[in-house]
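Undergrad: My structure is below; once you've seen it, I'll send some questions.
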Amino acid sequence: LRLLELCGGVGVIGLSLAHAAAGWQDLRLSGVSLVSTDVNPNCARHFEASARSVFPDLEQGKAGNVEVSFEAMSASDALQRTVSGQEEGGPGGAARVGDCGACDVLVMD
1 LRLLELCGGV
11 GVIGLSLAHA
21 AAGWQDLRLS
31 GVSLVSTDVN
41 PNCARHFEAS
51 ARSVFPDLEQ
61 GKAGNVEVSF
71 EAMSASDALQ
81 RTVSGQEEGG
91 PGGAARVGDC
101 GACDVLVMD
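The sequence shown begins at 1 in this note's numbering and counts up by one.
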């Protein structure tokens, strides 16, 4: 499940969704990825602190079947990358954490 959060600040909503989705065993998800974006680059360290609070075993953006990352960029830039990623990879293409490729869920905070 690929989540993209726009204007995410410290990532409270996106991280909460990623945490909940990681527990959806009945969906047999191969993994959950979250790319949280905000135009303010100062949110990065706060996002990291929030991510470690939600996922205490987080190592280099990964915790079990969950990957999370923060990208400092505007919502319009993130959406443009999402559209470009969907054109290149198609809706079933895998999004890598750290880019804004195709997503399954878009959250606008």
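For glycine and all other residues, C-beta sits at the position ideal for the given N, C-alpha and C.
Going along the chain, which residues of its own chain have a beta-carbon closer than 7 angstroms to the beta-carbon of residue 61, five neighbours each way excluded?
TA: 67, 68, 69 and 97.
Undergrad: Assign residue 83 to one of two classes, buried (16 or more other C-beta atoms within 10 Å of its C-beta) or exposed (fewer than that).
TA: Under this definition residue 83 is an exposed residue.
Undergrad: Please report the Cβ distance between residue 77 and residue 9, rounded to the nearest whole angstrom; I am assuming they are in contact, meaning their Cβ atoms lie under 8 angstroms.
TA: At roughly 16 angstroms, the Cβ-Cβ gap does not stay under 8 angstroms, so residue 77 and residue 9 are not in contact.
Undergrad: Could you give the distance in angstroms between the alpha-carbon of residue 22 and the alpha-carbon of residue 31?
TA: Between residue 22 and residue 31, the C-alpha separation is close to 7 angstroms.
Undergrad: With 16 other CB atoms within 10 Å as the buried threshold, where does residue 113 fall?
TA: What is shown of the chain runs 1 to 109, which leaves residue 113 out entirely.
Undergrad: Only counting the same chain, and skipping five residues up and downstream in sequence, which positions put a Cβ closer than 6 angstroms to that of residue 5?
TA: Excluding residues within five positions, the ones whose Cβ falls inside 6 angstroms are 14, 36 and 107.
Undergrad: Identify every run of the beta strand (DSSP E) within the region 35-92, keeping only runs that are complete inside it and at least 3 residues long; order them along the chain.
TA: Taking only runs of at least 3 residues, the beta strand (DSSP E) segments lying wholly in the region 35-92 are 66-72.
Undergrad: Where does residue 4 sit, in a helix, a strand or coil, going by DSSP?
TA: The answer is strand: DSSP assigns residue 4 an E or B state.
Undergrad: Candidates 79, 102 and 53: which alpha carbon is nearest residue 39's?
TA: Comparing Cα positions, the closest option is 79.
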